[in-house]
Structure formats: C-alpha cells, structure tokens
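Novice: Quick one: the structure is below, and I'll ask about it shortly.
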Amino acid sequence: MSSNAKGAIFALIAFGVFATHDVVVKILGGIYSPFQIVFFSVLLSFPLATVMLMQDAKPGTLLPVHPWWMALRTAAAMVTGVCAFYAFSVLPLAQTYAILFASPLLITILAIPVLGEKVKLRRWLAVLVGLAGVMIVLRPGSTPLTLGHFAAMMSAVGGAVASIVVRKIGADERPVVILLYPMVVNFVVMACVLPFVYVPMPIEHLGMLGIIAAFAWIANRLLIKAYNDGEAAIIAPMQYSQIIWASVFGFLFFSETIDQPTMIGAGVIIASGMYIVLRESRGGSDNTPVLRTRSRSETATTPRVSLFMRIAGKKPPRQQ
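Position 86 of the sequence shown, counting from 1, maps to 81 under our numbering, and the rest follow consecutively.
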C-alpha cells in the first residue's frame, strides 16, 4: 500500500472519530447549554494538553510575541467552539457540516488582507461558487433561518479567522503559547458563564464529556499520522467524508434525512473546496492557506494538529 493510501485511510478514520465526537456533542446539546459542554470539554482536555506541553523543550516564556493577534485568535476560537457545539445541538448533522465546510473558502478570502497573498480569478470563482452553495443550503426566503444557522456560519467564520492568524504569527510564537492561551481563556470565560446556565449532570453524562475530550485527542493523533504518511493534497479533502458519517449517524441516532437543497449545496461547497486544495497543491505555489490549516475548525477545546506536530517535533505535512 502506498504512503498516500495509508495517509488517506488514517485521515478517514480520524474524521470518522471526529463525527462520532459530534454525535456525543449533539446528544448532550439537547440537554445542556453549549457553554457548559465547552467548559467541561476544556477542563477534561487539560491533562491531555499537559502531556504535549511537557514535550516542548524550546526555551522561552509563555508571553505572546504578538499579543493582539493572539487575542484575536483566542476570541475566534472561543466563538467557533460555542457556536459549533450549539449548531450541532439544534441543526441536522449534515446541514451543520455543510455550512462548516465553508471555512476553507473564508480562509482563502482572509489570506488576502492578513497574509498579503494573491488570489487569481479561478480561485475567486471557486470561492464564489462555494458561497453560492452555502446559500443553497441556507435557502433564505424559502425556509426560516434560525439561531442554529447563524451559529454554524459564525463557527465557520471563527474557524477561518483562528486558522489564518496561526499562519500569520506561527513562525514567531512558541507552539505552547498558541496552544495554551485559547484553552485557558476559554476555560475562564466559560467558568464565568457557567453559574447562569449550569444544570446538574449525572455521572454517565460526565463520562460522555470525557468521551468528547478523548475522541478529539484520538482524532488529532490519527491526523498527525495521516499527514506524516501522505501528501497534504490527499489528506485535506478527506475532511469532507464527515458528510457521509453525518448522513449515517443522523439517520441512525436522530432519524434525520438529508433534504435535496442540503445535498446539492453540500456538493457545491465540497467541489469548490476540493478545487481550491488542488490549485494550492500545484508545485511551486506558496499560496497555500487551506492546505496548511491541516485540520477542521479550531474550537479551543483541544489543541490543533499543527501544534501537536510542532511540539512533538514532527515533520511538516508533505505537499506535491
């Protein structure tokens, strides 16, 4: 079996684990506030994050070199986590994923003012087509838009902002700083909100929160393996397999079916996203903000894949 095939298999398994993680989020989201779920997810992720922090031998302080960019990334990551958890709790899984898949399109747009990258006509057309796909999913005017739809869009925007800021400051900041600040601030902010939304949790639900933290960790480790085995252009599109898991899990656990507009819109968004990835993977291109994101949207509840790899001293993902 080729290295790319191995990498693709590990990525498919990783995103299957992520999708299972989201099923647990949806189940708990029907009972508890997203602020409460995020709080305990971050709390239970700290021991796992500490293990990674212990592996970072790079000297330096925990003060950020770019405090304002770090503040923006932290805020964006918090918005992404809370909004994504809320969207999963109130929208069908497949519809939520379809909207979240707009994040690579937004990364492409943000790379222009933040990173100074140039986006040519073909990539602009792909972005516009992808955003049209989002409109097909949302179908404003023909169906009422809810707070869940707004939350899903805010999560996509927040994830794009967090990812592009990491591209902006990643070369200067220690990985542990990029990792730690969003998790700590998320924990503190959610703790302040918690007294207003807290609902007592039985032990089995606390166990499910532990599953959320563990599954996110396992999925990230699998993605590291995937990127070390395969090329980024092969691994990155595997995230779209989550729509398949969403269809299966939504039907089995929540009696959900995918309506035609969601199916068509998701197809358009995925096609445009894959086109952007293929364009970025062409040899000699330095304009690769989507390929270098490496994982799904940042939520500040668990470290991102790129930080795992930098702290552990892993080689960067291969590209064509």
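Ideal Cβ positions, reconstructed from N, Cα and C, are used throughout, including at glycine. Given the structure is predicted, the values throughout are model-derived calculations rather than measurements.
Compute the Euclidean distance between the alpha carbons of E226 and N(-1), then round it to the nearest angstrom.
Specialist: 6 angstroms
Novice: Quick check on the burial criterion: 16 or more other C-beta atoms within 10 angstroms. Buried or exposed for F248?
Specialist: With fewer than 16 other beta carbons inside 10 angstroms of its own, F248 counts as exposed.
Novice: Does the beta carbon of I173 fall short of 8 angstroms from some heavy atom of the ligand ZN?
Specialist: The ligand ZN is absent from the structure shown, which contains no ligand whatsoever.
Novice: The alpha helix (DSSP H) that contains S(-2), what's its start and end?
Specialist: -2 to 24
Novice: Just the Cα atoms here: how many angstroms apart are Q315 and G245?
Specialist: Note that Q315 has pLDDT 40, beneath the 50 cutoff, so the model's placement of it is unreliable and no number is given.
Novice: Between the alpha carbons of A79 and A146, how many angstroms are there, rounded?
Specialist: Between A79 and A146, the alpha-carbon positions lie close to 7 angstroms from each other.
Novice: With the cut-off set at 9 angstroms, would you say M185 and V37 are in Cβ contact?
Specialist: yes
Novice: Measure the alpha-carbon distance for L140 versus T91 and round it to whole angstroms.
Specialist: 13 angstroms
Novice: Measure the alpha-carbon distance for M258 versus V132 and round it to whole angstroms.
Specialist: 8 angstroms
Novice: What's the C-alpha gap between R313 and A72?
Specialist: Reliability of the predicted coordinates at R313 is poor, the pLDDT of 46 falling under 50, and no value is obtained from them.
Novice: With burial defined as no fewer than 16 other Cβ atoms inside 10 Å of the residue's Cβ, what is the status of V194: buried or exposed?
Specialist: exposed
Novice: Go ahead and pull the three-state DSSP assignment for T138.
Specialist: DSSP places T138 in strand when its eight states are reduced to three.
Novice: For V74 and N181, what's the separation of their Cα atoms in angstroms?
Specialist: 9 angstroms
Novice: Can you find the residues in the same chain that come closer than 7 angstroms, C-beta to C-beta, to I104, ignoring five residues on each side of it along the sequence?
Specialist: V122
Novice: Does DSSP classify E112 as helix, strand or coil?
Specialist: Coil at E112, not helix or strand.
Novice: State buried or exposed for S150, treating a residue as buried only when at least 16 other CB atoms are found within 10 Å of its CB.
Specialist: buried
Novice: Can you list, in chain order, the stretches of the alpha helix (DSSP H) that have 4 or more residues and sit fully within the stretch 243 to 267?
Specialist: Listed in chain order, there is nothing to give.
Novice: Between the C-alpha atoms of I4 and P190, what's the straight-line distance to the nearest angstrom?
Specialist: 43 angstroms
Novice: Does the stretch 198 to 205 come within contact of the stretch 215 to 231, defined as at least 3 CB pairs closer than 8 angstroms?
Specialist: No, the stretch 198 to 205 is not in contact with the stretch 215 to 231.
Novice: Express the C-alpha separation of G143 and N42 in angstroms, rounding to a whole number.
Specialist: The amino acid at residue 42 is misidentified as Asn; the sequence shows Pro. Approximately 31 angstroms between the Cα atoms of the pair.
Novice: Sorted by chain position, which residues of the same chain lie with C-beta nearer than 6 angstroms to P311's C-beta, five sequence neighbours on each side aside?
Specialist: Low confidence applies to P311: its pLDDT is 46, below 50, so where it sits in the model is not reliable, and the reading given next is rough at best. So no residue of the chain qualifies.
Novice: Using beta-carbon positions only, say whether A157 and R68 come within less than 9 angstroms of one another.
Specialist: Cβ distance < 9 angstroms, so A157 and R68 count as in contact.
Novice: Figure out for me which residue from M49, M(-4), P232, T56 has the closest Cα to the Cα of R169.
Specialist: The candidate whose alpha carbon is nearest that of R169 is T56.
Novice: Find the nearest neighbour of F96 within the set S137, V129, H200, F34, judged by alpha-carbon distance.
Specialist: V129
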